[in-house]
Amino acid sequence: MIQKCPGILFLSVLHLNPILSVLYLNPTLNEREDIQKKTFTKWINSQFTKAKRPTITDLFVDLRDGERLLSLLEVLSGLSLKPEKGRLRVHHINNLNRALEILENNYNIKLVNISSNDIADGNPKLTLGLVWSIILHWQVKDVMKNVMEDLGQTNLERTLLNWCQMSTQGYERVDIVNFTTSWRDGLAFNALIHHYRPDLFNYRDLLTKDSHYNLNYAFHTASERLGIDKLLDAEDMNVDVPDKKSVMTYLMCLFQVLPHTSMPARNANTNGVSEIVFSPASGGNFSSEVDIGLVNYRDKGLNASE
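Count the sequence shown with mature numbering (1 follows the signal peptide of the UniProt record, and there is no 0) and you get residues -21 to -1, 1 to 285, in order.
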């Protein structure tokens, strides 16, 4: 009788199962999926909580019957969308078909290779893709659409990145070039908040703290003082390459709130900022770009008292 070594047997299983093989050889894919699942679940629950509706616990399970998906679309769109209450798969598929048709026909959301069967099966990748499409549409529609139109800009990522860069320009140890590694140590989040609300904390105090502290501080401050739900956790960010979509989701929520809660930065040189700041709330007949915080006038070498 021939006995196989457990290691050889496991490699054989990987050879026969390409999906398992990809996850085993590249565990970051699975890690990224887990982080997206957590962030997207929190985003959905944020919408449900505001509307005083029951929240979900497992994104890949709770959307399978289509009822919670229709409920989410009710909250986001204001439409009345009563689901079929049957327990059979055909009822679930009908609910999901209705939800997908509304997204495509009413809101022109392109759902490439995403079907009702995929969501009913709890397909992780395609369920995440569906929710990401929903997040993008409603965050852009409700928050960034007018801004992008005013700037003649059609690229969401570029608009959001430019806003982050300009709002944090001059902050010590902050250099935002992407939506992943630039945010790992937490300083960029804090700088973004501090630019619009310098009254909340002294930025320089954070320069001696570690990444975990700074991340938690930013998320706690945004939650307690700005009313922004804590969609991210420090442990999810303090990795080699944080998940881009999760970071963008959180930043779009910050974008939604910060331009409307801004105030002029004062004594900026004592808070770790080397340039003078004119933020949206500082008054004056500025252009639309300045009014929304996309352009800040800063002169290196000047402090706020000059």
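We put the beta carbon where it would ideally sit given N, CA and C, even for glycine. Computed from a predicted structure; not experimentally measured.
Exercise. Excluding sequence positions up to five away, which residues of its chain have a Cβ less than 6 angstroms from the Cβ of residue 69?
Worked result: Along the sequence shown, read from residue 1 onward, the residue named residue 69 stands at position 90. If we look at residue 69 and ignore the five residues flanking it on each side, it has no Cβ neighbours.
For this session: Within the same chain, show all residues whose beta-carbon is closer than 7 angstroms to that of residue 116, passing over the 5 residues directly before and after it, in chain order.
Result: Looking up residue 116 in the sequence shown gives position 137. 86, 88.
For this session: Please state if the CB of residue 122 and the CB of residue 234 are separated by a distance shorter than 7 angstroms.
Result: Numbered from 1 along the sequence shown, position 255 holds the residue referred to as residue 234. Numbered from 1 along the sequence shown, position 143 holds the residue referred to as residue 122. Result yes, Cβ atoms of residue 234 and residue 122 sit closer than 7 angstroms.
Problem set entry | Spatial neighbours of residue 22 in its chain, beta-carbon cut-off 7 angstroms, leaving aside the 5 residues before and after | The residue given as residue 22 occupies position 43 in the sequence shown. If we look at residue 22 and ignore the five residues flanking it on each side, its Cβ neighbours are 114, 210, 228.
For this session: Quick one: using the 10 Å Cβ neighbour count with 16 as the cut-off for buried, is residue 54 buried or exposed?
Result: Residue mapping note: residue 54 aligns to position 75 of the sequence shown, counting from 1. Answer is buried; the Cβ neighbour count reaches 16.
Problem set entry | C-beta atoms of residue 162 and residue 226 nearer than 7 angstroms | Position 183 of the sequence shown, counted from the first residue, corresponds to residue 162. Position 247 of the sequence shown, counted from the first residue, corresponds to residue 226. Against a cut-off of 7 angstroms, the Cβ pair of residue 226 and residue 162 comes out as a contact.
Exercise. Are the beta-carbon atoms belonging to residue 48 and residue 78 less than 7 angstroms from one another?
Worked result: Residue mapping note: residue 48 aligns to position 69 of the sequence shown, counting from 1. Residue mapping note: residue 78 aligns to position 99 of the sequence shown, counting from 1. Contact flag set, yes.
Exercise. What distance in whole Å lies between the Cβ atoms of residue 193 and residue 165, which are believed to be in contact at a cut-off of 8 angstroms?
Worked result: Indexing the sequence shown from 1 puts residue 165 at position 186. Indexing the sequence shown from 1 puts residue 193 at position 214. Their Cβ separation, rounded to whole angstroms, is 3 angstroms, which keeps residue 165 and residue 193 in contact under 8 angstroms.
Exercise. How close, in whole Å, do the beta carbons of residue 93 and residue 109 come, if the pair is a contact with beta carbons under 8 angstroms?
Worked result: Taking the first residue of the sequence shown as 1, we reach residue 93 at position 114. Taking the first residue of the sequence shown as 1, we reach residue 109 at position 130. That belief holds up - the Cβ atoms of residue 93 and residue 109 are roughly 5 angstroms apart, short of 8 angstroms.
For this session: Could you work out which residue in 145, 184, 213, 58 is closest to residue 198 when comparing CA atoms only?
Result: The sequence position of residue 198 within the sequence shown is 219, counting from 1. That would be 213, whose Cα lies nearest to the Cα of residue 198.
Problem set entry | Span of the alpha helix (DSSP H), counted from its first residue to its last, around residue 99 | Numbered from 1 along the sequence shown, position 120 holds the residue referred to as residue 99. Looking at the DSSP string, the run of the alpha helix (DSSP H) that includes residue 99 is 95 to 99.
Problem set entry | Of the residues 196, 135, 207, 15, the one placed nearest residue 103, counting alpha carbons only | Looking up residue 103 in the sequence shown gives position 124. Between residue 103 and the set 196, 135, 207, 15, the nearest pair of CA atoms involves 15.
Problem set entry | Nonlocal neighbours in the same chain, by C-beta distance under 8 angstroms from residue 200, ignoring five residues either side | Position 221 of the sequence shown, counted from the start, is the residue given in the question as residue 200. Cβ neighbours of residue 200 beyond the five flanking positions: 169, 172, 179, 180.
For this session: Out of 11, 28, 10, 19, point me to the one whose CA is closest to residue 206's CA.
Result: By 1-based counting over the sequence shown, the position of residue 206 is 227. The option with the nearest alpha carbon to residue 206 is 28.
Exercise. Hey, residue 98 and residue 51 are a contact pair by Cβ (cut 8 angstroms); roughly how many whole angstroms apart?
Worked result: Looking up residue 98 in the sequence shown gives position 119. Looking up residue 51 in the sequence shown gives position 72. In fact, because the Cβ distance is near 12 angstroms, the residues do not count as touching under 8 angstroms.
Problem set entry | Close beta carbons around residue 217, own chain, < 7 angstroms, minus the five adjacent residues each side | By 1-based counting over the sequence shown, the position of residue 217 is 238. Within the same chain, residue 217 has close Cβ partners 163, 190, 191, 194.
Exercise. Are the beta-carbon atoms belonging to residue 160 and residue 223 less than 7 angstroms from one another?
Worked result: Numbered from 1 along the sequence shown, position 181 holds the residue referred to as residue 160. Numbered from 1 along the sequence shown, position 244 holds the residue referred to as residue 223. The Cβ atoms of residue 160 and residue 223 do not sit closer than 7 angstroms to each other.
For this session: Go ahead and pull the three-state DSSP assignment for residue 39.
Result: In the sequence shown, counting from the first residue as 1, residue 39 sits at position 60. Here residue 39 sits in helix by DSSP.
Exercise. Which of helix, strand or coil does DSSP assign to residue 157?
Worked result: Position 178 of the sequence shown, counted from the start, is the residue given in the question as residue 157. Note: residue 157 maps to coil in three-state DSSP.
Exercise. Can you give the Cα-Cα distance for residue 73 and residue 139, rounded to whole angstroms?
Worked result: Taking the first residue of the sequence shown as position 1, residue 73 is located at position 94. Taking the first residue of the sequence shown as position 1, residue 139 is located at position 160. Going from the Cα of residue 73 to the Cα of residue 139 covers about 37 angstroms.
Problem set entry | alpha helix (DSSP H) segment containing residue 172, residue limits | Stepping through the sequence shown from its first residue, residue 172 is reached at position 193. According to the DSSP assignment, residue 172 belongs to the alpha helix (DSSP H) that extends over 166 to 175.
For this session: Out of 215, 136, 237, point me to the one whose CA is closest to residue 18's CA.
Result: Start at 1 with the first residue of the sequence shown, and residue 18 comes out as number 39. Measuring from the Cα of residue 18, the nearest candidate turns out to be 215.
For this session: Could you tell me the distance, in whole angstroms, from the CA atom of residue 61 to the CA atom of residue 30?
Result: For this step, residue 61 is matched to residue 82 along the sequence shown. For this step, residue 30 is matched to residue 51 along the sequence shown. Going from the Cα of residue 61 to the Cα of residue 30 covers about 16 angstroms.
For this session: Consult DSSP for residue 108 and reduce its assignment to one of helix, strand or coil.
Result: Here residue 108 refers to the residue found at position 129 of the sequence shown. Here residue 108 sits in helix by DSSP.
For this session: Could you pull out every residue in the same chain whose Cβ sits closer than 7 angstroms to the Cβ of residue 46, ignoring the five residues on either side in sequence?
Result: Position 67 of the sequence shown holds residue 46. Only 62, 74 meet the Cβ criterion.
Exercise. Quick one: what's got a C-beta closer than 7 angstroms to residue 20's C-beta in the same chain, skipping five residues either side?
Worked result: Locating residue 20 in the sequence shown gives position 41, counting from the first residue. Taken in chain order, the residues that qualify are 35, 38.
Problem set entry | residue 153 burial status per 10 Å Cβ neighbour count (16 or more: buried) | The residue given as residue 153 occupies position 174 in the sequence shown. Residue environment: residue 153 is assigned as buried (16 or more neighbouring CB atoms within 10 Å of its CB, all protein chains considered).
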